[in-house]
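K.L.:
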Amino acid sequence: MQQTLFCQLSKWSSLRFWHQNVSSGEIMFNKLFVLFPFALSLLAQVPEGYYSTVDTSSAQALRASLHELIDDHVLFPYTAATTDTWDILEEAQSDPQQPENIIDLYRNASLPKQGGGNDYYNREHTWPKSYGFPKNNDENYPFTDCHHLFLCDPDYNFYRSNKPYRFCSSACQEHTTQETNGMGGQSGVYPGDSNWTSGEYTRGTWETWNGRKGDVARAMFYLAIRYEGGTHTETGFPEPDLELTDDVELILDYQTGDNEDIAYMGMLTDLLQWHRMDPPDDYERNRNDVIYSYQGNRNPFIDHPEWVDLIFDQVLTPNAVFSIPHLAGQAWNSNIVVYNPTADPLSFALHKWDESGYSVLYHHEETVQPFSSRVLDTTLFGINGTAQVTSPSMDLKVKVSFRFRGSQSLTEFFVQANQTAQDWLLPNTQTEWFQWFGFAIGNFQESSNPVEIKAFQNGVLVGSSQQLSLPSHQKKVALIQDIWPDLDYSDVDMVLISSGQPIPAPVAITGNLEQSRHVFFSGQAVQ
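In this text, residue positions in the sequence shown follow the working numbering: the first is 7, and each later residue adds one.
Here's what the structure looks like:
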């Protein structure tokens, strides 16, 4: 009975779209409004209580609670004799003025509904499936997730290929739109109402036309929150961690041809601007309603577009202060990612204080190269703190990341605080998502604390033994490439750290955070 009701509601949702047009003055739908007053009002709002569990107290709380809400949706097959993605998308993209037609994503053409496997339109993975989930099977949830699948003109789908979303220019190749229901059709002068493209594949560019820029951007934001790695709670099937970035190299690195644990898509800065340029309209809201009626989850950024900036965009002006909290029960969970979206090097300084006001971390005169990012470790203390950016050369875009892949693999190295460590071994597990390998050592004694570090490959010493001297109440973040410039992270599978003096231990996943401290970290900060 519930499934039947869903089907009826999803059919009514297109009528809701018409009703909203009626209220804005388009009297041509007045007859439909009179005939279906109950149906028109039934889906006029987000289901009552749907967002009641969302926590907006902070960016990380919002992200975590949204993920919990929209996670574990119902999977429908990509193509099947039963209800599949063709059926859902044809209903979701119905032309409100010609319900027997669909409106395709990029060309904006109104096309008669044909069912699956036709020559008029196909399905576009707005997050290209080659970026993290190329192999379709019964376990591949993002492959068939209709919130980012769109019916699309086959030629335009081919032109887009797997190019990241970003702004193009008048020098790019134009792919025009058709005028449908008062939208699209203007072309000839960039950007007009056209799609624009240049280059090929990951290093290429695809700029979606203005009328659907926000639609694809919000689909990307949805995926970045819906897919956080781990497994589907109901089925146990593995799911990738999908992250948005401005770094093309990251996107390339995880395009392997296999389903990956983590994958990237871009470009984040452009998608944020597209989201602001093209807010949700009735067509997009109707699409959200229909997909929800099948999958059981919504795209929250269509219902609450104001949440996008809270999660994905934190811009700090000079002397801005922001919180770096420690999440109870989580280790290695606070990192600062500073992105430089300009063509010039960006310099800044960063301070961090503990709850008592004691300065525990200071990055002095840091530099971020053009169009790249820096990941700054703030995990030395497992307690709450605040950080302040001082004297930057320009406004900064700063993302505070509260997850650190690989944390669970380090639990075997959690020891009692202030234990004397003669031989601490740190393995390089070299899983697919490792980009670098390093460690952090903190000295909380009143005197300097020298340590010796050695690198090994298959039990054989590689590189020379190095001495690190830590001043009182200071810490050192060390990467393999910084200590041994001639070695790549893949050349090292073990690090030996020796010291005859007490070295504070890592923060345990549980325990007294006032007495335990981080010593080691490895992996790649989530961006």
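Here a beta-carbon is modelled for each residue, glycine too, at the ideal position from N, C-alpha and C.
From a predicted model like this one, the values you see are computed outputs, not experimental measurements.
Applying the 10 Å Cβ sphere with the 16-neighbour rule, what's the burial state of C178?
P.N.:
Burial call: buried.
K.L.:
Could you tell me the distance, in whole angstroms, from the CA atom of A337 to the CA atom of Q473?
P.N.:
A caution first: A337 carries a pLDDT of 39, below 50, which makes its placement in the model unreliable, though a value can still be read off. Using only the alpha carbons, I get a separation of about 27 Å.
K.L.:
Between which two residues does the beta strand (DSSP E) containing A269 stretch?
P.N.:
Its beta strand (DSSP E) spans residues I268 to M271.
K.L.:
Mind checking N124: buried by the 16 CB within 10 Å criterion, or exposed?
P.N.:
So N124 counts as exposed.
K.L.:
Spatial neighbours of D78 within its chain, please: C-beta separation below 6 Å, excluding the five flanking residues on both sides.
P.N.:
Excluding sequence neighbours, D78 sits near H238, T239 and E240.
K.L.:
Beta-carbon separation of T182 and F82 under 8 Å?
P.N.:
Their beta carbons are not under 8 Å apart, which means T182 does not touch F82 by this criterion.
K.L.:
Using the Cα positions of T91 and T85, report the straight-line distance between them to the nearest angstrom.
P.N.:
Looking at the two C-alpha atoms, the distance is approximately 7 Å.
K.L.:
Going residue by residue through the stretch 64–152, where are the continuous alpha helix (DSSP H) segments of at least 4 residues, counting only ones entirely within it?
P.N.:
Runs found: 65–76 and 91–98.
K.L.:
With a cut-off of 8 Å, do at least 3 Cβ pairs link the stretch 109–127 to the stretch 205–222?
P.N.:
Output reads yes: the stretch 205–222 touches the stretch 109–127.
K.L.:
If distances are taken between C-alpha atoms only, which option among Q301, F243 and I308 comes closest to V80?
P.N.:
It is Q301.
K.L.:
Nearest CA to the CA of G194: which residue from D315, W202 and N187?
P.N.:
That would be W202, whose Cα lies nearest to the Cα of G194.
K.L.:
Express the C-alpha separation of T132 and G205 in angstroms, rounding to a whole number.
P.N.:
Taking the straight line joining both Cα atoms gives about 18 Å.
K.L.:
In angstroms with no decimal places, state the Cα-to-Cα distance between A269 and Y147.
P.N.:
The alpha-carbon atoms of A269 and Y147 are separated by roughly 14 Å.
K.L.:
In three-state terms, what does DSSP make of Q279?
P.N.:
Three-state result, Q279: helix.
K.L.:
Thinking C-beta only, is H281 closer than 8 Å to P311?
P.N.:
Yes.
K.L.:
Expressed to the nearest angstrom, what Euclidean distance is found between the alpha-carbon atoms of N265 and P246?
P.N.:
Rounded to whole angstroms, N265 to P246 spans 8 Å at the Cα level.
K.L.:
Within this structure, are the beta carbons of F318 and F227 separated by less than 8 Å?
P.N.:
Yes. Within cutoff.
K.L.:
Which of the three DSSP states is assigned to Y300 in this structure?
P.N.:
In this structure, Y300 counts as helix in the three-state DSSP scheme.
K.L.:
Our contact map puts I308 next to P286 with C-beta atoms below 8 Å; I'd like the distance itself, whole angstroms only.
P.N.:
Yes, I308 and P286 are in contact; Cβ-Cβ is about 5 Å, under 8 Å.
K.L.:
Grouping DSSP H, G and I as helix and E and B as strand, with all else coil, what is F227?
P.N.:
Correct three-state label for F227: helix.
K.L.:
For Y298, I'd like the list of residues in its chain whose CB is within less than 7 Å of its CB, leaving aside the five on either flank, ordered along the chain.
P.N.:
Around Y298: R304.
K.L.:
Can you give the beta carbon distance from Q261 to S136, rounded, assuming they're within the 8 Å contact cut?
P.N.:
The pair is a contact, with the Cβ atoms about 6 Å apart (cut-off 8 Å).
K.L.:
In angstroms with no decimal places, state the Cα-to-Cα distance between T186 and G210.
P.N.:
So the alpha carbons of these two residues sit roughly 28 Å apart.
K.L.:
Name the DSSP beta bridge partners of P244, please?
P.N.:
Per DSSP, T237.
K.L.:
Looking only at C-alpha atoms, which of V296, G188, A461 and L467 sits nearest to P53?
P.N.:
Answer by Cα proximity: V296.
K.L.:
Pull up the CB-CB distance for H154 and L229, whole angstroms please, since I reckon it's below 8 Å.
P.N.:
Indeed, because the Cβ distance is near 6 Å, the residues count as touching under 8 Å.
K.L.:
Nearest to S63 by CA position, among S471, L316, G198 and P477, is which residue?
P.N.:
Checking every option, the nearest Cα to that of S63 belongs to L316.
K.L.:
Helix, strand or coil for V222? Go by DSSP, reduced to three states.
P.N.:
Here V222 sits in helix by DSSP.
K.L.:
List the whole-angstrom C-beta distance separating V222 from L278, where the pair is believed to meet the contact cut-off of C-beta under 8 Å.
P.N.:
No, V222 and L278 are not in contact; Cβ-Cβ is about 13 Å, not under 8 Å.
K.L.:
Based on Cα-Cα distance, which residue from D284, S475 and W490 lies nearest to N467?
P.N.:
Looking at the sequence shown, residue 467 is not Asn but Leu. The residue with the shortest Cα to Cα distance from L467 is W490.
K.L.:
Taking the alpha-carbon of G235 as reference, which of E249, A225 and R224 has the nearest alpha-carbon?
P.N.:
Nearest C-alpha to G235: E249.
K.L.:
Whose C-alpha, out of G188, M189 and S176, is nearest the C-alpha of Y196?
P.N.:
Measuring from the Cα of Y196, the nearest candidate turns out to be S176.
K.L.:
For E106, is the classification buried or exposed, using 16 other Cβ atoms within 10 angstroms of its Cβ as the cut-off for buried?
P.N.:
The residue in question, E106, is exposed, as its Cβ has fewer than 16 Cβ neighbours within 10 Å.
K.L.:
Pull up the distance between the alpha-carbon of N142 and that of G263, whole angstroms please.
P.N.:
If I take the Cα positions, the gap works out to 12 Å.
K.L.:
With a threshold of 16 other CB atoms inside 10 Å of the CB of M273, please say whether the residue is buried or exposed.
P.N.:
By the neighbour-count rule (16 or more Cβ atoms within 10 Å), M273 is buried.
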